Amino acid sequence: MNSFTRIWNKKPLRVIILIALVLRLIAVIFSKGYIVHDDHFNVIETAQAWVDGTNYENWLPDEDGNKIAQPKGISFTYVGIHYLLFKAFESIGIMNATSKMLIIRLLHALFSLLVVNYAYRITHFVSNKDLARYVGLLIATFWILPFVSVHNMAEFFAVPFLMLAIWFMVRPQYRDKPKKWAFFAGLVLGTAFSIWFYIFIFVIGYFFVLIYKKRWPSLFFSFLGFFITAALFQGIIDYQIWGKPFIEFTTFIKNLEIPFTKPRHTIFSMYTVLLLLVLIPPISIFWLVGWIRSYKKNLLLFLPAFLMFLFFSFSIQQHERFIMAVFPFIVISGVIGWNRYLTKSVFWNNHPGLYRSMVIVFCVINFSLILPVTTMYSKRSQVESMLYLQKQKSHTEQILIEDSNRKSVKSMPLFYMEKWVNMYKLPKYKEYEELQITQRSNWEYVITTPRYFQADSAQIPDYVLFVGKKRLDERVQRLQPFLPELQYKKTIKAGILDRFLYKLNPKRNVNRNVYIYKVEKN
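Under this note's numbering, think of the first position of the sequence shown as 6, with each following residue one higher.
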């Protein structure tokens, strides 16, 4: 115990990094699956398709000059990293999908330790060592961060670069060579932007701070560094692929839904409420107050993150995960700002027990959540369904996803099947409505009625995957006249937290059981 105390006092960052590493390694092993549908399909499915010499969603033009292919408004950088990794894996004989994703989660976990490292260092310099230890431990052990750190979220993968840029600008060496460190800050900001385009809002906030403080040389060299990496990752690569530099970013801007330009379907307060809940009340209230108050002394930490928060709050389409790009900055500034107020507050100095009890409540809730969330197998039913079919892939060429309880059908991750097969999707339908088939990608087709399979040219699926238990027997009976005999094979249950999230919000979280039936063609 004495040796631990000695190490903690002398080298607290090492202890904090070790704790963070252990939690993230647990997530690497147990937190399989993927968090968000788009992040998996735009990254993992796309990268593997390129490795296999095909094109998942007509993103890349082929050798014959595919006219269907067009920019999607998504940077090639993050998916390109995965493409190179998958290429490397297969070159050394790692072909299994689960093994690939285990290594991917491990690499993300190790890279995310930089967030913990720079959170400690920035806080240490801006505030003091005691608060740096507090913030470092908080980022290392906060209930949602180990889980988020190991998964494919471009918005969080960009965070270490953002924190490194801020560290370059606040570290003591900046005062001696401001142009040098401003240039390096610009380089890493350009890299972060190339990973996730929404970072341009953070970059605008960063430049606003330099303008406000009249740091003109730093502004110039930061912009120079930013332009170099942006030109390298967006200009040159886009020119090589599309013949036009920066076309993916310009497509992103064209598709960007600017606040106030369309009717809103969400509320401004969503992100505020989200932060209050995620940061665990009542402590979360204090930290958000501290975050707002921090603008006076830590403008560089505050303004870029606040601009992103403001933009997302007024956005027409709001995605909860977007806040993760600035979440560590909110925690750092919030803790620093609140503790500055706390030390001067007469009320809290006269009621230390009250505040201590709130901290205890926070710790109890945080550590009650961290293990189940860190080990959460997200999208379990989708992934395990494909792993089941992977064992039958030599006899499988077509599959049908039946989700007639809904107006749209989520795709299944063919990456885990390790084979590209035709995937027919059947949403809510009437047997005798007009027959239409819409191709959504090279492998996905949406049909309006199962009568499609009665056509002479139709390809009969080898398996039918019924999503959700609601009206299951009725749905099987409705489909039976249009296909050969259906034989039940297996039920793939959704994960515990997937089922919980579905009950909370069944419209947004479509994480349900999958019932696999084999089509007996003979």
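Think of the CB as a built atom: it goes at the ideal place given N, C-alpha and C, for glycine as much as any other residue. In this text, all values refer to a predicted model and were calculated from it rather than measured experimentally.
#1: For F130, does the count of other Cβ atoms within 10 angstroms reach 16, so buried, or fall short, so exposed?
#2: Can you tell me where the alpha helix (DSSP H) with Q387 in it begins and where it stops?
#3: To test your reading of the DSSP string, which unbroken alpha helix (DSSP H) runs of 4 or more residues are found completely within the stretch 297-359?
#4: Helix, strand or coil for G248, going by three-state DSSP, please let me know.
#5: Whole-angstrom Cβ separation of I200 and T82, contact assumed at under 8 Å?
#6: Should the stretch 337-347 be called in touch with the stretch 275-293, which here means at least 3 C-beta pairs below 8 Å?
#7: Look up F471 in the DSSP assignment and say whether it is helix, strand or coil.
#8: Is H400 close to chain B? Criterion is C-beta to C-beta, closer than 8 Å.
#9: Who are the near neighbours of H156 in its chain, counting only those whose CB is closer than 8 Å to its CB and skipping five residues on each side?
#10: Just to confirm, is the Cβ distance from N122 to I22 under 8 Å?
#11: Would you check if the distance between the CB atom of I465 and the CB atom of P486 is smaller than 8 Å?
#12: On the CB-based measure, 16 or more other CB atoms within 10 Å of its CB, does K498 come out buried or exposed?
#13: Just to confirm before moving on: does the CB-CB distance between V524 and V469 stay below 8 Å?
#14: In whole angstroms, give me the CA-to-CA distance for V20 and F225.
#15: Over what stretch of residues does the beta strand (DSSP E) that includes L405 continue unbroken?
#16: Output yes or no for whether 8 Å exceeds the beta carbon distance between D467 and E423.
#17: Where does K435 fall in DSSP's three states?
#18: Between T255 and G195, which are expected to be in contact by the criterion C-beta below 8 Å, what is the C-beta distance as a whole number of angstroms?
#19: Restricting to Cα atoms, I'd like to know which of K495, N516 and T496 is closest to F505.
#20: Suppose you measure from the CA of F251 to the CA of L261; what does that come to, to the nearest Å?
#21: Assuming I171 contacts I127 (C-beta within less than 8 Å), just tell me the rounded distance between them.
#22: What are the boundary residues of the alpha helix (DSSP H) that K523 is part of?
#23: Give me, in chain order, the residues of the same chain whose beta-carbon lies closer than 6 Å to that of A137; leave out the 5 immediate sequence neighbours on both sides.
#24: On the DSSP bridge list, what partners appear for Q444?
#25: Tell me which residue opens and which closes the alpha helix (DSSP H) that Q482 is part of.
#26: For L477, which residues in the same chain have their Cβ closer than 7 Å to its Cβ, ignoring the five residues on either side in sequence?
#27: How long is the line joining the alpha carbons of K105 and S462, rounded to whole angstroms?
#28: If contact is defined by three or more beta carbon pairs under 8 Å, each pair taking one atom from either stretch, is the stretch 453-462 in contact with the stretch 433-444?
#29: Apart from the five residues on each side of it in sequence, which residues of its chain come closer than 7 Å, Cβ to Cβ, to I285?
#30: Does DSSP classify G210 as helix, strand or coil?
#31: Using the three-state DSSP reduction, which class does N427 fall into: helix, strand or coil?
#32: What residues in its chain sit with their C-beta under 6 Å from that of F257, if we drop five residues either side in the sequence?
#33: Below 8 Å on the Cβ atoms is my contact criterion, and I expect W186 with M168 to pass it. Report the Cβ-Cβ distance as a whole number of Å.
#34: So what does DSSP say about L107, is it helix, strand or coil?
#35: With DSSP collapsed to three states, give me the class of Y217.
#36: In terms of alpha-carbon separation, which member of T51, T103 and F9 lies closest to Y421?
Looking at the coordinates:
#1: Here residue 130 refers to the residue found at position 125 of the sequence shown. Burial state of F130 is exposed, judged by a 10 Å Cβ sphere holding fewer than 16 other Cβ atoms.
#2: Walking along the sequence shown from the start, residue 387 turns up at place 382. Per DSSP, the continuous alpha helix (DSSP H) segment holding Q387 begins and ends at R385 to Q395.
#3: Listed in chain order, the complete alpha helix (DSSP H) runs (minimum 4 residues) inside the stretch 297-359 are 304-319, 332-349 and 351-355.
#4: One-based indexing of the sequence shown puts residue 248 at position 243. Three-state result, G248: coil.
#5: As a working note, residue 200 is residue 195 in the sequence shown. As a working note, residue 82 is residue 77 in the sequence shown. With a Cβ gap of about 5 Å, I200 and T82 count as contacting.
#6: They touch, by the three-pair rule.
#7: Residue 471 sits at position 466 when you count from the first residue of the sequence shown. In the three-state reduction of the DSSP assignment, F471 falls in the strand class.
#8: No chain B appears in this structure, which consists of one protein chain only.
#9: Along the sequence shown, read from residue 1 onward, the residue named residue 156 stands at position 151. Residues S36, Y39, I40, D44, R110, H113 and S383 of the same chain have their beta carbon placed closer than 8 Å to that of H156, with the five preceding and five following residues left out of the count.
#10: Locating residue 122 in the sequence shown gives position 117, where the first residue counts as 1. Locating residue 22 in the sequence shown gives position 17, where the first residue counts as 1. Yes. Within cutoff.
#11: Here residue 465 corresponds to residue number 460 of the sequence shown, with the count starting at 1. Here residue 486 corresponds to residue number 481 of the sequence shown, with the count starting at 1. It is not a contact, given that the beta carbons lie outside the stated cut-off.
#12: Here residue 498 refers to the residue found at position 493 of the sequence shown. By the 10 Å Cβ count, K498 comes out exposed.
#13: Here the question's residue 524 lines up with position 519 in the sequence shown. Here the question's residue 469 lines up with position 464 in the sequence shown. Yes. Within cutoff.
#14: For the purposes of this step, residue 20 is taken as residue 15 along the sequence shown, with counting starting at 1. For the purposes of this step, residue 225 is taken as residue 220 along the sequence shown, with counting starting at 1. The alpha-carbon of V20 is positioned some 39 Å away from that of F225.
#15: Taking the first residue of the sequence shown as 1, we reach residue 405 at position 400. Unbroken beta strand (DSSP E) run through L405: Q403 to E407.
#16: Along the sequence shown, read from residue 1 onward, the residue named residue 467 stands at position 462. Along the sequence shown, read from residue 1 onward, the residue named residue 423 stands at position 418. No, the Cβ-Cβ distance between D467 and E423 is not below 8 Å.
#17: Taking the first residue of the sequence shown as position 1, residue 435 is located at position 430. Coil at K435, not helix or strand.
#18: Residue mapping note: residue 255 aligns to position 250 of the sequence shown, counting from 1. Residue mapping note: residue 195 aligns to position 190 of the sequence shown, counting from 1. About 17 Å; that fails the 8 Å criterion.
#19: The sequence position of residue 505 within the sequence shown is 500, counting from 1. The shortest Cα separation from F505 among K495, N516 and T496 belongs to N516.
#20: Start at 1 with the first residue of the sequence shown, and residue 251 comes out as number 246. Start at 1 with the first residue of the sequence shown, and residue 261 comes out as number 256. C-alpha separation (whole angstroms): 15 Å.
#21: Along the sequence shown, one-based indexing puts residue 171 at 166. Along the sequence shown, one-based indexing puts residue 127 at 122. Contact holds; Cβ gap of about 6 Å.
#22: Here residue 523 refers to the residue found at position 518 when the sequence shown is read from its first residue. Element bounds for K523: not the alpha helix (DSSP H) but the beta strand (DSSP E), V519 to E525.
#23: By one-based count along the sequence shown, residue 137 stands at place 132. Result list for A137: Y125, T128 and H129, in chain order.
#24: The residue you call residue 444 lines up with position 439 of the sequence shown. DSSP output for Q444 lists Y450 as bridge partner(s).
#25: Translated into the one-based positions of the sequence shown, residue 482 becomes position 477. Q482: member of the alpha helix (DSSP H) spanning L477 to L484, first to last residue.
#26: Numbered from its first residue, the sequence shown carries residue 477 at position 472. Answer for L477: F471 and Y520, listed in chain order.
#27: For the purposes of this step, residue 105 is taken as the residue at position 100 of the sequence shown. For the purposes of this step, residue 462 is taken as the residue at position 457 of the sequence shown. If you take the alpha carbons of K105 and S462, they lie about 37 Å apart.
#28: Result yes; three or more Cβ-Cβ pairs closer than 8 Å.
#29: Residue mapping note: residue 285 aligns to position 280 of the sequence shown, counting from 1. Excluding sequence positions up to five before and after I285, its CB lies within less than 7 Å of the CB of F367, I370 and N371, all in the same chain and listed in chain order.
#30: Within the sequence shown, residue 210 is the residue found at index 205, counting from 1. In this structure, G210 counts as helix in the three-state DSSP scheme.
#31: The residue given as residue 427 occupies position 422 in the sequence shown. Three-state result, N427: strand.
#32: Here residue 257 refers to the residue found at position 252 when the sequence shown is read from its first residue. Sequence-distant partners of F257 (beyond 5 residues in either direction) whose C-beta falls short of 6 Å from its own C-beta, in its chain, are G78 and F202.
#33: On the sequence shown, residue 186 is found 181 positions in, with the first residue counted as 1. On the sequence shown, residue 168 is found 163 positions in, with the first residue counted as 1. Rounded, the Cβ-Cβ distance is 14 Å, inconsistent with contact.
#34: Against the sequence shown, residue 107 aligns to sequence position 102. The answer is helix: DSSP assigns L107 an H, G or I state.
#35: Here the question's residue 217 lines up with position 212 in the sequence shown. Collapsing the DSSP output to three states places Y217 in a helix.
#36: As a first step, residue 421 must be located in the sequence shown, where it is residue number 416. Out of T51, T103 and F9, T103 has the C-alpha closest to the C-alpha of Y421.
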